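Enquirer:
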Amino acid sequence: MGAIAPVSYRRSHPDNKFPALLLPHADECARLFLIVYTTMWELVTMSSEIHCDSLWYGADLVTMRDGKYHILHDGAIAVRDGNIVWIGQRAALPAISATKTVEFDGGIITPGLVDCHTHLVFGGDRSAEFEQRLNGVSYAEIAAQGGGIVSTVKATRDTDEQQLLQQALFRLKPLLAEGVTCVEIKSGYGLTPQSELKMLRVARRLGELLPVEVKTTCLAAHALPPEYAGRADDYIDLVCDTIIPEAAAAGLADAVDAFCEHLAFSPQQVEKVFAAAERAGLPVKLHAEQLSALGGSALAARHHALSADHLEYATEQDAQAMAAAGTVAVLLPGAYYLLRETQCPPIALFRKHQVAMAIASDANPGTSPALSLRLMINMACTLFRLTPEEALAGVTLNAARALGLQHSHGSLESGKVADFVHWPLSRPAELAYWLGGQLPCTVIFRGEVRQ
Numbered sequence: 001m002g003a004i005a006p007v008s009y010r011r012s013h014p015d016n017k018f019p020a021l022l023l024p025h026a027d028e029c030a031r032l033f034l035i036v037y038t039t040m041w042e043l044v045t046m047s048s049e050i051h052c053d054s055l056w057y058g059a060d061l062v063t064m065r066d067g068k069y070h071i072l073h074d075g076a077i078a079v080r081d082g083n084i085v086w087i088g089q090r091a092a093l094p095a096i097s098a099t100k101t102v103e104f105d106g107g108i109i110t111p112g113l114v115d116c117h118t119h120l121v122f123g124g125d126r127s128a129e130f131e132q133r134l135n136g137v138s139y140a141e142i143a144a145q146g147g148g149i150v151s152t153v154k155a156t157r158d159t160d161e162q163q164l165l166q167q168a169l170f171r172l173k174p175l176l177a178e179g180v181t182c183v184e185i186k187s188g189y190g191l192t193p194q195s196e197l198k199m200l201r202v203a204r205r206l207g208e209l210l211p212v213e214v215k216t217t218c219l220a221a222h223a224l225p226p227e228y229a230g231r232a233d234d235y236i237d238l239v240c241d242t243i244i245p246e247a248a249a250a251g252l253a254d255a256v257d258a259f260c261e262h263l264a265f266s267p268q269q270v271e272k273v274f275a276a277a278e279r280a281g282l283p284v285k286l287h288a289e290q291l292s293a294l295g296g297s298a299l300a301a302r303h304h305a306l307s308a309d310h311l312e313y314a315t316e317q318d319a320q321a322m323a324a325a326g327t328v329a330v331l332l333p334g335a336y337y338l339l340r341e342t343q344c345p346p347i348a349l350f351r352k353h354q355v356a357m358a359i360a361s362d363a364n365p366g367t368s369p370a371l372s373l374r375l376m377i378n379m380a381c382t383l384f385r386l387t388p389e390e391a392l393a394g395v396t397l398n399a400a401r402a403l404g405l406q407h408s409h410g411s412l413e414s415g416k417v418a419d420f421v422h423w424p425l426s427r428p429a430e431l432a433y434w435l436g437g438q439l440p441c442t443v444i445f446r447g448e449v450r451q
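Position 418, counted from 1, in the sequence shown is what the UniProt record's numbering calls 418; the numbers after and before it change by one each time, with no gaps.
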């Protein structure tokens with residue numbers, strides 16, 4: 001028999017955290033709390049009827065509990081107030097009264113997909129540069145013409161919020177059509193207080209206009225703006241003293257990110273950014289080891305970062321540090337593919353040290369104009385040699401973990417949000433197998449079919 005997690009607990013304790021004086025570790029206590037309460041509610045349901053808003057059945061449930069398939073054949077999901085209150089095999093259903101029942105004709109149900117690293121808000125595009133490069137124009141020549149990230153910064157600064165919103169809606173909708181129910185969106189193309197906050201406001205607005213959960217990340221330390229050429233430390237002071245505090249005070253940022261690389265910012269400068277984030281009460285993430293080994297991922301681990309992203313040049317020491325800190329390795333195969341990289345992230349080391357691996361689109365105008373998370377699943381398997389099970393975990397539970405949402409998102413379990421997707425497929429590996437086109441799917445967001 002399955003179990004009910006009390007929705008009232010989730011409402012009054014949204015972070016699923018129990019007082020620290022009772023249990024020492026927040027993750028562990030949240031899990032134990034759910035076990036105790038679901039067991040109590042299971043005993044209640046043995047003698048009473050479950051009332052729910054909707055009951056979904058007629059498909060195999062790919063639960064992704066603990067990052068594994070854990071398939072429940074001919075499963076059922078009961079939903080109340082946008083949360084899963086019972087899940088199990090249909091044969092084990094207790095007495096249930098549902099306002100609405102939905103029966104599928106076979107297929108599989110997965111958790112809603114989570115795209116945990118995107119740059120969806122920006123002005124213009126760089127398709128002209130893409131064509132120039134393929135016609136033999138060098139990066140240096142493009143930059144000398146005002147191209148590269150500088151062109152995106154200028155376009156973003158010059159574009160008003162409404163236009164940025166319309167452009168971002170165009171990019172986000174294809175991801176939602178493929179089953180994405182939660183997405184992270186970064187700033188980082190404004191590089192002034194006004195433009196960075198503008199980007200974050202647009203990202204927040206996307207979550208208000210569309211049925212998707214949006215988590216925002218302040219990435220002001222993404223690149224050096226042209227007006228600060230030769231004055232990187234001065235720009236970092238602006239980021240730390242003005243942009244991060246203002247974003248936090250306005251409630252516009254859920255996390256802070258930075259780009260640690262020779263062409264961006266040094267580990268010492270990133271340390272300052274992380275200190276500012278910690279003063280603002282925001283968790284951190286980091287673009288690290290994409291083009292060289294600077295020790296950024298170990299730096300991220302020292303600050304208990306939610307994730308370190310890219311990681312083509314990460315070392316075994318980096319992997320060990322990330323494992324100890326619980327920092328997720330976010331793999332971005334789209335950028336690897338477009339840049340024609342030859343150095344793969346150290347997947348074997350991440351497996352050896354049990355570093356959770358997530359996958360994201362990295363949707364951005366320069367190095368990954370990717371609007372398909374499902375294509376990234378295939379690329380992670382074919383380019384990085386992840387298994388289909390690892391890849392699905394990478395866009396569900398581990399992606400949720402990279403956003404600090406592992407207790408509420410990313411798997412089909414009692415007490416978690418009712419975000420799931422029905423696919424007319426026979427096996428979950430098909431999500432990694434099929435290339436091109438859009439697989440038909442039914443997306444359920446907070447217990448309602450998303451139109």
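Idealized CB from N, CA, C, for every residue including glycine. Predicted model only: the values in this text are computed from it and were never measured.
Per DSSP, E103 forms a beta bridge with which residues?
Expert: Taking the sequence shown and counting its residues from 1, the one referred to as residue 103 is at position 103. Paired residues: Y57.
Enquirer: Whose C-beta lies closer than 6 Å to the C-beta of A76 among residues of the same chain, with five residues either side of it excluded?
Expert: In the sequence shown, residue 76 corresponds to position 76, counting from 1. So the list reads Y57, R90 and L93, once near-sequence residues are dropped.
Enquirer: Below 7 Å CB to CB, which residues in the same chain sit around Q380 once its five sequence neighbours on both sides are set aside?
Expert: Counted from its first residue, the sequence shown places residue 380 at position 380. One point to set straight first is that residue 380 is Ala, not Gln, in the sequence displayed. Cβ neighbours of A380 within its own chain (closer than 7 Å, five residues either side excluded): L331, P333, I359, L386, A391 and G394.
Enquirer: With G207 as the anchor, note down where its alpha helix (DSSP H) starts and where it stops.
Expert: Working through the sequence shown from its first residue, we reach residue 207 at position 207. It spans P193 to L209 - the alpha helix (DSSP H) in which G207 sits, taken as one unbroken run.
Enquirer: Can you say whether R340 is buried or exposed, counting buried as having 16 or more other CB atoms within 10 angstroms of its CB?
Expert: Taking the sequence shown and counting its residues from 1, the one referred to as residue 340 is at position 340. By the neighbour-count rule (16 or more Cβ atoms within 10 Å), R340 is not buried but exposed.
Enquirer: The beta strand (DSSP E) that contains G334, what's its start and end?
Expert: To locate residue 334, count along the sequence shown from 1; it is residue 334. Looking at the DSSP string, G334 is not in any beta strand (DSSP E); the run it does join, the alpha helix (DSSP H), is P333 to L338.
Enquirer: Compare the C-alpha of T315 against each of A329, I243 and E227 and name the closest.
Expert: If you number the sequence shown from 1, residue 315 lands on position 315. That would be A329, whose Cα lies nearest to the Cα of T315.
Enquirer: Within this structure, are the beta carbons of residue 457 and L435 separated by less than 7 Å?
Expert: Outside the shown range of the chain (1 to 451) lies residue 457, about which nothing can therefore be said.
Enquirer: How many angstroms separate the CA atom of E141 from the CA atom of N135?
Expert: Locating residue 141 in the sequence shown gives position 141, counting from the first residue. Locating residue 135 in the sequence shown gives position 135, counting from the first residue. The alpha-carbon atoms of E141 and N135 are separated by roughly 12 Å.
Enquirer: Let's test the definition: count the other Cβ atoms within 10 Å of the Cβ of H222 and tell me whether it reaches 16, buried, or not, exposed.
Expert: Stepping through the sequence shown from its first residue, residue 222 is reached at position 222. Residue burial annotation: H222 is buried, with at least 16 other C-beta atoms found within 10 angstroms of its C-beta.
Enquirer: Ignore the nearest five residues each way along the sequence and tell me which others in F274's own chain have a CB closer than 6 Å to its CB.
Expert: Taking the sequence shown and counting its residues from 1, one reaches residue 274 at position 274. Excluding sequence neighbours, F274 sits near V284 and H303.
Enquirer: Express the C-alpha separation of D419 and C182 in angstroms, rounding to a whole number.
Expert: Within the sequence shown, numbered from 1, the residue matching residue 182 stands at position 182. Within the sequence shown, numbered from 1, the residue matching residue 419 stands at position 419. The straight-line gap from Cα to Cα measures roughly 9 Å.
Enquirer: Strictly by DSSP, which residues pair up with D309?
Expert: Taking the first residue of the sequence shown as position 1, residue 309 is located at position 309. Answer is H287 and V330.
Enquirer: Threshold first: 4 residues or longer. Then list the alpha helix (DSSP H) segments lying entirely within the region 127-154, N to C.
Expert: 127-134 and 139-144
Enquirer: Using the Cα positions of P245 and A280, report the straight-line distance between them to the nearest angstrom.
Expert: Here residue 245 corresponds to residue number 245 of the sequence shown, with the count starting at 1. Here residue 280 corresponds to residue number 280 of the sequence shown, with the count starting at 1. Rounded to the nearest angstrom, the two C-alpha atoms are 6 Å apart.
Enquirer: Where does E448 sit, in a helix, a strand or coil, going by DSSP?
Expert: Counting from one through the sequence shown, the residue named residue 448 turns up at place 448. E448 falls in the strand class under three-state DSSP.
Enquirer: Which residues in the same chain have their Cβ closer than 7 Å to the Cβ of A432, if we skip the five residues on either side of it in sequence?
Expert: Start at 1 with the first residue of the sequence shown, and residue 432 comes out as number 432. So the qualifying residues of the chain are I377, N378, C381, P388 and A391.
Enquirer: Which partner residues of G75 appear in the DSSP bridge assignment?
Expert: Looking up residue 75 in the sequence shown gives position 75. According to DSSP, G75 bridges with A59 and Q89.
Enquirer: Have a look at F265 and G88 and give me their C-alpha separation to the nearest angstrom.
Expert: The count along the sequence shown starts at 1 and reaches residue 265 at position 265. The count along the sequence shown starts at 1 and reaches residue 88 at position 88. Computed Cα separation, rounded: 49 Å.
Enquirer: What is the DSSP secondary structure of E278, reduced to helix, strand or coil?
Expert: Residue numbering aside, residue 278 sits at position 278 when the sequence shown is read from its first letter. Residue state, collapsed to three classes: helix.
Enquirer: How about Y287 and D309: do their beta carbons lie closer than 7 Å?
Expert: Taking the first residue of the sequence shown as 1, we reach residue 287 at position 287. Taking the first residue of the sequence shown as 1, we reach residue 309 at position 309. One point to set straight first is that residue 287 is His, not Tyr, in the sequence displayed. Their beta carbons are under 7 Å apart, which means H287 touches D309 by this criterion.
Enquirer: Quick check: the Cα distance between P428 and D60, rounded to an integer number of angstroms?
Expert: As a first step, residue 428 is located in the sequence shown; it is residue number 428 there, counting from the start. As a first step, residue 60 is located in the sequence shown; it is residue number 60 there, counting from the start. For P428 and D60, the distance between alpha carbons rounds to 10 Å.
Enquirer: Note down the Cα distance separating A399 from L373, rounded to an integer number of angstroms.
Expert: Position 399 of the sequence shown, counted from the start, is the residue given in the question as residue 399. Position 373 of the sequence shown, counted from the start, is the residue given in the question as residue 373. Those two C-alpha atoms are separated by around 12 Å.
Enquirer: Let's see if you can read the secondary structure: which residues bound the alpha helix (DSSP H) around M64?
Expert: Here residue 64 is taken as the residue at index 64 of the sequence shown, counted from 1. Unbroken run through M64: none, as it is neither H nor E.
Enquirer: Where do the ends of the alpha helix (DSSP H) carrying K173 lie?
Expert: If you number the sequence shown from 1, residue 173 lands on position 173. Taken as a continuous stretch (DSSP letters only), the alpha helix (DSSP H) holding K173 covers E161 to A177.
Enquirer: State the start and end residues of the unbroken beta strand (DSSP E) segment that holds L435.
Expert: One-based indexing of the sequence shown puts residue 435 at position 435. Note, L435: premise wrong, no beta strand (DSSP E); not H, not E.
Enquirer: Mind checking who H422 pairs with in its DSSP beta bridge?
Expert: For this step, residue 422 is matched to residue 422 along the sequence shown. I109 and T442.
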